[in-house]
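Below is one structure; the comments refer to it alone.
2 protein chains.
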Amino acid sequence: MARIESRPGSQLPVTPPTLADVAERAGVSRQTVSNAVNNPDLLRPDTLERVRQTIAELGYSPNRAARNLRTRTSQLIGLRFAPVQEGTANAAMDRFVHSLVEASEEAGYHVLLFPGDDEDPVGGYDNLLRSTAVDAFVVTDTYLGNPQAAWLSQQRAPFVAFGRPWDDEEPRHIWVDVDGAAGTRLATQHLIDRGHTRIAWIGWRKDSPIGEDRRAGWLRTMHDNGLSTTGLASRVEDVVHSGAEAAAVLLDESRPTAFVCASDTLAMGVMHTLWIRQLAPGRDIAVVGFDDSQVAQVYPVGLTSVRQPLEDVAVEIVRTLRLLLTHQPVETWGVLLEPTLAIRESS
Amino acid sequence: MARIESRPGSQLPVTPPTLADVAERAGVSRQTVSNAVNNPDLLRPDTLERVRQTIAELGYSPNRAARNLRTRTSQLIGLRFAPVQEGTANAAMDRFVHSLVEASEEAGYHVLLFPGDDEDPVGGYDNLLRSTAVDAFVVTDTYLGNPQAAWLSQQRAPFVAFGRPWDDEEPRHIWVDVDGAAGTRLATQHLIDRGHTRIAWIGWRKDSPIGEDRRAGWLRTMHDNGLSTTGLASRVEDVVHSGAEAAAVLLDESRPTAFVCASDTLAMGVMHTLWIRQLAPGRDIAVVGFDDSQVAQVYPVGLTSVRQPLEDVAVEIVRTLRLLLTHQPVETWGVLLEPTLAIRESS
DNA sequence: GCTCGCACTTGGATCGATCAAGGGGGCACG
DNA sequence: CGTGCCCCCTTGATCGATCCAAGTGCGAGC
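Here the protein sequences line up with chains A and B, keeping their order.
Heads up: the first sequence begins at 1 in UniProt numbering, then just goes up one per residue.
Heads up: the second sequence begins at 1 in UniProt numbering, then just goes up one per residue.
Take a look at the structure:
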């Protein structure tokens, strides 16, 4: 049998069998084999069985390039894989991408990654689109002022966004998103149920619509429960030490017994302040984060955190993409999914 | 209904222009346009300029499927995107994938993700290979007993592994890896330089070759510096509470002043034990983790951690893949890269 | 006997780029 | 003035699957 030579890389791939090979071997025409693969119900059962067996024997699999050329599809979904932000806990992307890969596979698609370039944000999209390398895109960063979604709409390229179009009164593109306000509502209600009344908010700066949405969930829940929020909110950068500072100030000035944070990163900051002040998370002060990042899971005092249903997001995105690509009507512009709360020791 | 504003000039035509369109418009043949794209030096400068201008005017980009069919390549690199392991700090995959996407792009490749299936570990590879959907693979999980690398070798599929073939038997394959022992050596020496002499090791069970490699770095460095290691090592599961328990036992029995861990997850366990015992990381006891995960970066007391040069790994992998795919000789079977130490407050 | 429809076959064209030959014009050289 | 040659470009074939239209054999139904 094949003994591998001692020099690396001296192996050559073999040419796989073609449709014609299968046809000849099975004693049928090319067309019939093609039908066996794509329209099995057109064949008589016994013929189908015979062809299928031959396909199995030869290990035939339709050549992707040829099929793509003819059908003008690639069965690929493009996803811009943006640089990871070091120093923050936001590892949601990883989980989302994985879910997307799984969901796509089930729909007969694969995920193609391409790099992001902040100087030319649509360059990668443009290339792939014009060379018909992908059938559709999934857009993940739809924050305010991001030109990608608008650009893709204009190009009439099929895509679904993970994230709402915050800046527009009228939805210009199809989206799937997680209800951030519902997440912080869950978190806040959870704390209220545990007897907390002075629950503080540490969130992002005002120019982040996502941050404001999450904040609104906290705010409304507090008010719905007749609780005051004066002096209990703070808006900072999404870095650990900002969270720590904000927590320190809030503790000094407003004596909260619990914190709801817009991110696990900020929650980590709170944990730090608690640690410095010899306060035990979960016993003395409750803390809830957002994103259920690995930090929340691995931190010795498990951090209670809002968990986005990324698996469902992926499934919903792929489902919608499929409708788009088969030119079926899409019912709604957007789908909003409910997050859950991963409860741990910190609350 | 959706009102999508359209700027007619910049809108993507229903069908993108083809080579023939460009050729006709520029008054040359298809082949000449093809050469303008792929072998510019075959054209006279003025012709080249003219063709290039026409390409720009029409916004032409070669159709991927057609090119793939003819050249029998796809310019795609397959990567199995395995499920994220919840509850551990190992987010190295994310950073690696991103680096790989960037490095691939520069070499004219894209990364195609496909899901992993533990029941049929080579199924995904097989499909993509037989349908000639990808040119090559990057294999990431080459732990002992993993059949993928061996299977791919046998199929003569071009691939490069991130990870050494630990079982050291034929058939061998081409790999790029990070020197784990060098990483723990860095960590250990760093601690010795800070005056520590009783440095403990918390690592994985013996059946993990990677774990044993990392352990060896600690062991050798200790011995090289004339330090004893008796009673200072422990091997456990890679989960937080195991790390915590191991730390507690070691502290009680051997009074170490520093810990080197095989992972950030275990280091988190150590941190937990320190916290319970009111010991300050970095001041009372030093801790070093492995992987420089987001946990290490975000943890309030920054965790010193061995950082794998994943960017370099990706570049090296792509470089080698390119040699393989162009049938150029590959010099060596494997390349071992040196990690660095991200020093933070915990040491 | 005739029609109808099913289950294929047949031959060709097609998708769009690239490969492998095949010109043709200009220039140098005899 | 003819020949050879190189450079630059053109032409037809090709990659492998799918689309298309027309045709064949056969059994059932009227």
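From the three backbone atoms N, C-alpha and C, an ideal C-beta is built for every residue, glycine too.
Every value quoted in this text rests on a predicted model; they were computed, and no experiment measured them.
Min CB distance residue i to chain A below 7 Å
i, result
"Leu-251/B", "no"
"Thr-132/B", "yes"
"Asp-94/B", "yes"
"Ala-65/B", "yes"
"Met-222/B", "no"
"Phe-114/B", "yes"
"His-98/B", "yes"
"Met-1/B", "Its pLDDT being 34, under 50, Met-1/B is placed unreliably by the model, and nothing is read from it."
"Glu-105/B", "yes"
"Leu-341/B", "no"
"Val-240/B", "yes"
"Ser-61/B", "yes"
"Val-178/B", "no"
Residue closest to residue i, alpha-carbon to alpha-carbon, out of the options
i, options, result
"Pro-158/A", "Met-222/A, Gly-145/A, Phe-137/A", "Phe-137/A"
"Val-288/A", "Ala-267/A, Tyr-125/A, Met-222/A", "Ala-267/A"
"Phe-259/B", "Ala-247/B, Gln-155/B, Arg-220/B, Thr-18/B", "Ala-247/B"
"Val-240/A", "Thr-47/B, Gln-297/B, Thr-273/B", "Gln-297/B"
"Arg-95/A", "Ser-346/A, Ile-343/A, Val-313/A", "Val-313/A"
"Leu-58/A", "Gly-78/A, Ala-66/A, Glu-24/A, Leu-79/A", "Glu-24/A"
"Thr-142/B", "Asn-225/B, Ser-208/B, Gly-124/B, Gly-183/B", "Ser-208/B"
"Asp-135/B", "Ala-56/B, Ser-29/B, His-110/B", "His-110/B"
"Trp-218/A", "Ile-199/A, Arg-235/A, Val-236/A, Ser-263/A", "Ile-199/A"
"Glu-102/B", "Arg-283/A, Pro-121/A, Gly-116/A, Ser-104/A", "Gly-116/A"
Residue i - containing alpha helix (DSSP H), residue span
i, result
"Leu-274/A", "264–276"
"Ser-34/A", "30–38"
"residue 363/A", "Residue 363/A lies beyond the range of chain A shown here (1 to 347); nothing can be said about it."
"Ala-56/B", "45–58"
"Val-295/B", "294–298"
"Ala-20/A", "19–26"
"Ala-286/A", "Not the alpha helix (DSSP H): Ala-286/A falls in the beta strand (DSSP E), residues 286–290."
"Glu-105/A", "92–106"
Minimum Cβ-Cβ distance from residue i to chain B less than 7 Å
i, result
"Asn-68/A", "yes"
"Phe-81/A", "yes"
"His-110/A", "yes"
"Glu-102/A", "yes"
"Val-270/A", "no"
"Pro-16/A", "yes"
"Thr-265/A", "yes"
"Gly-9/A", "Summary for Gly-9/A: the model assigns pLDDT 47, below 50, so the residue's position carries little reliability; its value from the coordinates is reported in the next sentence. It does: the Cβ of Gly-9/A has a partner Cβ on chain B nearer than 7 Å."
"Val-138/A", "no"
"Pro-300/A", "yes"
"Val-295/A", "yes"
Same chain, Cβ closer than 7 Å to residue i, five either side skipped, listed in chain order
i, result
"Asp-213/B", "Gly-180, Ala-181"
"Leu-69/B", "none"
"Leu-310/B", "Ala-92, Arg-95, Phe-96, Ser-99"
"Val-330/B", "Ile-174, Thr-320, Leu-323, Leu-324"
"Gly-282/B", "Val-301, Glu-345, Ser-346, Ser-347"
"Gly-231/B", "Glu-253, Ser-254"
Cut-off 8 Å between Cβ atoms - residues of its own chain near residue i, not counting five sequence neighbours on either side
i, result
"Asn-35/A", "Leu-42, Leu-43"
"residue 351/A", "The structure shown does not extend to residue 351/A, since chain A is modelled only from 1 to 347, so the question has no answer here."
"Gly-145/A", "Asp-167"
Endpoints, the beta strand (DSSP E) within which residue i is located
i, result
"Asp-118/B", "Careful: Asp-118/B lies outside any beta strand (DSSP E) and carries neither H nor E."
"Ile-77/B", "76–81"
"Leu-341/A", "340–342"
"Ala-161/B", "159–162"
"Val-139/B", "136–139"
Proximal residues to residue i (C-beta, below 6 Å), its chain only, five neighbours per side dropped
i, result
"Ala-233/A", "Trp-201"
"Leu-227/A", "Thr-197"
"His-272/B", "Ala-244"
"Val-178/B", "Gln-308, Leu-337, Pro-339"
"Tyr-60/A", "Pro-17, Val-22"
"Gln-81/A", "The residue you asked about is not Gln; residue 81/A is Phe in the sequence shown. Answer for Phe-81/A: Leu-113, listed in chain order."
"Gln-328/B", "none"
Write down every uninterrupted run of the beta strand (DSSP E) in the stretch 178–262 of chain B whose length is 3 residues or greater and which is fully enclosed by it, in chain order.
-> Entirely contained in the stretch 178–262 of chain B, the beta strand (DSSP E) runs reaching 3 residues are, in chain order, 199–204, 233–236, 258–261.
Ignoring anything shorter than 4 residues or poking outside the stretch 308–336 of chain A, list the alpha helix (DSSP H) runs there in chain order.
-> Runs of the alpha helix (DSSP H) lying entirely within the stretch 308–336 of chain A, each at least 4 residues long, are 310–325 in chain order.
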